[in-house]
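One structure is given here, and the rest of the page talks about it.
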């Protein structure tokens, strides 16, 4: 259950980026999570519910974009989607590839926020 | 005065006009907690009560702090002329036993050090204690993995002079350590014959991230009815990038190949 630690790190980055933009409240957080990142989206969502109260992101909408696993075949010089069980068997030549090009992402994609009022 | 019933009046202080219905609504309504005052201030800023939400594309790594510390560790290790290996497996796959033998054999020619992580106890640190090899025990409490900050602190706590190979024995766990770069050059994933042939298929992220897979406890494979050929095939399918070494720390089978591999990594002095 390392998702809580990852969420604490996420909320710290959200706070830093939001304050740098004069945000009063964060309304939406979008993450990009690779299917082979080792992080479970539902556990992350649970961690957000547990960790966000009392922060700038309390009550924010929390969205996760899932990033599929793509492997590269050096023989066919092409990228292809991982099959069932994340086994990366090139549909062109049938060779297994360990060269993952996407699928390990753990990223804070974007935030939406309400800024502090600016003086007239 | 009921603010809901005076749609045409200017918004009294503390209320905002709903731009759709024209009704004055308490700006604080429905908000609670430490931020409500700030949100209220933001809401009342616009004369029509409109709230401008802005967005920012960030594309930042979630483990930014860990990743930065991991890169710092990597540079530190390279600068000291040592190679760091991160050993990962489920609990009881034989990481500590393999390291005991490695320190006793390989470690006599090439100076090694060990950072070993567990939730509790310094049992492994004591098992690995050798006069010729510095060891630091990291107890993580409830944390299910080592992170780059723990490695940085532990590495500073031991004398790395002359050390060529630094083993990091991770917390026994096939899930969480996959996400945490420690600054190692080589990630070694152990699979023991007592765990079953299908573990690589059940835990793809960690096996996908392996540079080396060690199939351990092969001396008892037959007694367990463990199908080695099937295990090897599963490892090949899920982790074709990884070098595979089959060994038994107890019988010594396969250890020379492991030591040859370590020798190929260790910087020449």
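Protein chains in written order, with the numbering used here: chain V, 180 to 299; chain D, 16 to 284.
All C-beta atoms, glycine included, are put in the ideal place defined by N, C-alpha and C.
Predicted model only: the values in this text are computed from it and were never measured.
*Are there 16 or more other CB atoms within 10 angstroms of the CB of residue 42 of chain D, so buried, or fewer, so exposed?*
The predicted model places residue 42 of chain D with a pLDDT of 48, which falls under 50 and marks its position as unreliable; any figure quoted below should be read in that light. With 16 or more other Cβ atoms within 10 Å, it is buried.
*Would DSSP call residue 150 of chain D helix, strand or coil?*
strand
*Could you give the distance in angstroms between the alpha-carbon of residue 71 of chain D and the alpha-carbon of residue 259 of chain V?*
31 angstroms
_Using a 10 Å radius around the Cβ and a threshold of 16 neighbouring Cβ atoms, would you call residue 239 of chain D buried or exposed?_
By the 10 Å Cβ count, residue 239 of chain D comes out exposed.
*Looking only at C-alpha atoms, which of D/79, D/143, D/243 and D/69 sits nearest to residue 296 of chain V?*
D/69
*asked:* On the CB-based measure, 16 or more other CB atoms within 10 Å of its CB, does residue 36 of chain D come out buried or exposed?
replied: With a pLDDT of only 49 at residue 36 of chain D, under 50, the local geometry of the prediction cannot be trusted, and the value read off the model is given with reservation. The residue is exposed, with fewer than 16 neighbouring Cβ atoms inside 10 Å.
*Closest by C-alpha distance to residue 101 of chain D, when choosing among D/199, D/148 and D/91*: D/199
*Using a C-beta cutoff of 9 angstroms, does residue 382 of chain V count as contacting chain D?*
What the structure shows of chain V is the stretch from 180 to 299, and residue 382 of chain V is not part of that stretch, so it cannot be assessed.
*Can you tell me the Cα-Cα spacing of residue 157 of chain D and residue 256 of chain V, whole angstroms?*
44 angstroms
*asked:* Within 10 Å of its beta-carbon, does residue 138 of chain D have 16 or more other beta-carbons around it, so buried, or fewer, so exposed?
replied: exposed
*asked:* I need the straight-line Cα distance from residue 190 of chain V to residue 263 of chain D, nearest angstrom please.
replied: If I take the Cα positions, the gap works out to 45 angstroms.
*Would the C-beta of residue 266 of chain V count as close to the ligand COA, meaning under 8 angstroms from any of its heavy atoms?*
In terms of ligand content, the structure shown is empty, and the ligand COA therefore cannot be addressed.
_Three-way DSSP call (helix, strand, coil) for residue 124 of chain D in this model_ = Helix.
*chain V contact for residue 210 of chain D (CB, 9 angstroms cutoff)*: The Cβ of residue 210 of chain D sits no closer than 9 angstroms to any Cβ of chain V.
*Pick helix, strand or coil for residue 205 of chain V, following the three-state DSSP scheme.*
strand
_Does residue 237 of chain D come out as helix, strand or coil in the three-state DSSP assignment?_
Here residue 237 of chain D sits in helix by DSSP.
_Which runs of the alpha helix (DSSP H) at least 4 residues long sit entirely within the segment 247 to 298 of chain V? Give them in chain order._
none
*Are residue 203 of chain D and residue 215 of chain D closer than 9 angstroms when you measure CB to CB?*
no
_Which same chain residues end up closer than 6 angstroms to residue 169 of chain D when comparing Cβ atoms and leaving out the 5 residues on each side of it in sequence?_
130, 151 and 153
*Can you find a C-beta in chain V that's less than 9 angstroms from the C-beta of residue 172 of chain D?*
Chain V contact via Cβ: absent.
*Using CA coordinates, which residue listed in D/141, D/103 and D/179 is at the minimum distance from residue 92 of chain D?*
Here the closest residue by C-alpha is D/179.
*Express the C-alpha separation of residue 149 of chain D and residue 268 of chain D in angstroms, rounding to a whole number.*
26 angstroms
*asked:* Distance check for residue 82 of chain D and residue 206 of chain V, CA to CA, integer angstroms please.
replied: 27 angstroms
*Contact with chain D by residue 258 of chain V, beta-carbon distance below 9 angstroms*: no
*Could you round the C-beta distance between residue 293 of chain V and residue 204 of chain V to whole angstroms and report it? I think they count as a contact, below 8 angstroms.*
Yes, they are in contact, since the Cβ atoms of residue 293 of chain V and residue 204 of chain V sit about 5 angstroms apart, within 8 angstroms.
*To which residues of the same chain is residue 240 of chain V closer than 6 angstroms at the C-beta, ignoring the five residues directly before and after it?*
207
*Over what stretch of residues does the beta strand (DSSP E) that includes residue 99 of chain D continue unbroken?*
Taken as a continuous stretch (DSSP letters only), the beta strand (DSSP E) holding residue 99 of chain D covers 98 to 103.
_Using beta carbons (cut-off 9 angstroms, strictly below), is residue 230 of chain V in contact with chain D?_
no
*By how many angstroms is the C-alpha of residue 285 of chain V removed from the C-alpha of residue 76 of chain D?*
6 angstroms
*asked:* Just checking: is the beta-carbon of residue 68 of chain D within a distance shorter than 9 angstroms of some beta-carbon in chain V?
replied: yes
*Does the Cβ-Cβ distance between residue 287 of chain V and residue 244 of chain V come in under 9 angstroms?*
no
_Nonlocal neighbours in the same chain, by C-beta distance under 6 angstroms from residue 231 of chain V, ignoring five residues either side_ = Answer for residue 231 of chain V: 237, listed in chain order.
*In this structure, does DSSP put residue 237 of chain V in helix, strand or coil?*
For residue 237 of chain V, the secondary structure class from DSSP, reduced to helix, strand or coil, is coil.
*Is residue 255 of chain D helix, strand or coil when you go by DSSP?*
coil
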